[in-house]
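Read in order, the letters of the sequence shown correspond to residues 257 to 399 in this note's numbering.
For every residue, glycine included, the Cβ atom is placed at its ideal position computed from N, Cα and C.
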Amino acid sequence: MSVEERVAAERLVLAANEAFYEAFRAGDHQAMCRVWAERAPVACAHPGMEALSGRASVLESWSQLLRQTSPLRMRCQGASAHLFGDFAFVTCYEANGDQPAHLCATNVFVLEDGQWKMVHHHAGPLSAPRPERWAPARSRLMN
Numbered sequence: 257m258s259v260e261e262r263v264a265a266e267r268l269v270l271a272a273n274e275a276f277y278e279a280f281r282a283g284d285h286q287a288m289c290r291v292w293a294e295r296a297p298v299a300c301a302h303p304g305m306e307a308l309s310g311r312a313s314v315l316e317s318w319s320q321l322l323r324q325t326s327p328l329r330m331r332c333q334g335a336s337a338h339l340f341g342d343f344a345f346v347t348c349y350e351a352n353g354d355q356p357a358h359l360c361a362t363n364v365f366v367l368e369d370g371q372w373k374m375v376h377h378h379a380g381p382l383s384a385p386r387p388e389r390w391a392p393a394r395s396r397l398m399n
């Protein structure tokens, strides 16, 4: 894969990652369903909860989370894509509304039918909120 192809793939992975956060912010369960892989195995570990496996369990957890009366306005900061063939992961920080980032997240994607689809999301708390003034991590292209 040429450098140009890898950069283009990285952009698509970051766009898939942003689609996840857009669905999250909008509370849009259907959009969330479109983000997740349909054939590849999926798993999710929400902060403070047990890990979930299987598309039905993972999407049911998102259905419950997105129905909360106080919407979570999660935003992604400092996203960095890491590519390896048809597999990619994004590391980032998550912040809610105007608050500083308080979670660190890893989002894993696979190439399914020509589109990057999420197969794993794991977010966990930081020991202290991350200040807004920090440089985002640099991308690492592998392959």
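Test item: CB-CB of residue i and residue j under 7 Å
i, j, result
"P356", "R386", "yes"
"Y349", "G370", "no"
"A351", "R331", "yes"
"P303", "G380", "yes"
"A301", "H378", "yes"
Status (buried if at least 16 other CB within 10 Å, exposed otherwise) for residue i
i, result
"P392", "At P392 the pLDDT is 48, less than 50, meaning the model places this residue with poor confidence; the figure from the coordinates comes in the next sentence. Under this definition P392 is an exposed residue."
"F280", "buried"
"L308", "buried"
"M305", "exposed"
"S258", "exposed"
"R396", "Low confidence applies here, because R396 scores a pLDDT of 47, under 50, leaving its location unreliable; read the following figure in that light. With fewer than 16 Cβ atoms within 10 Å of its Cβ, R396 is classed as exposed."
"E266", "buried"
"L382", "exposed"
"A344", "buried"
"A272", "buried"
"A264", "exposed"
"A384", "exposed"
Residue i versus residue j - alpha carbon distance
i, j, result
"V269", "L367", "9 Å"
"E261", "G341", "11 Å"
"E294", "R311", "7 Å"
"S336", "V346", "5 Å"
"Q286", "L339", "27 Å"
"A296", "Y277", "21 Å"
"D284", "W318", "10 Å"
"L315", "D354", "27 Å"
"R290", "A299", "15 Å"
"Q320", "H358", "21 Å"
"H376", "N363", "6 Å"
Complete alpha helix (DSSP H) runs within the segment 295-352 (minimum length 4 residues, chain order): 311-322
Can you list the alpha helix (DSSP H) stretches of 4 or more residues lying completely in the segment 267-294, in chain order? 285-291
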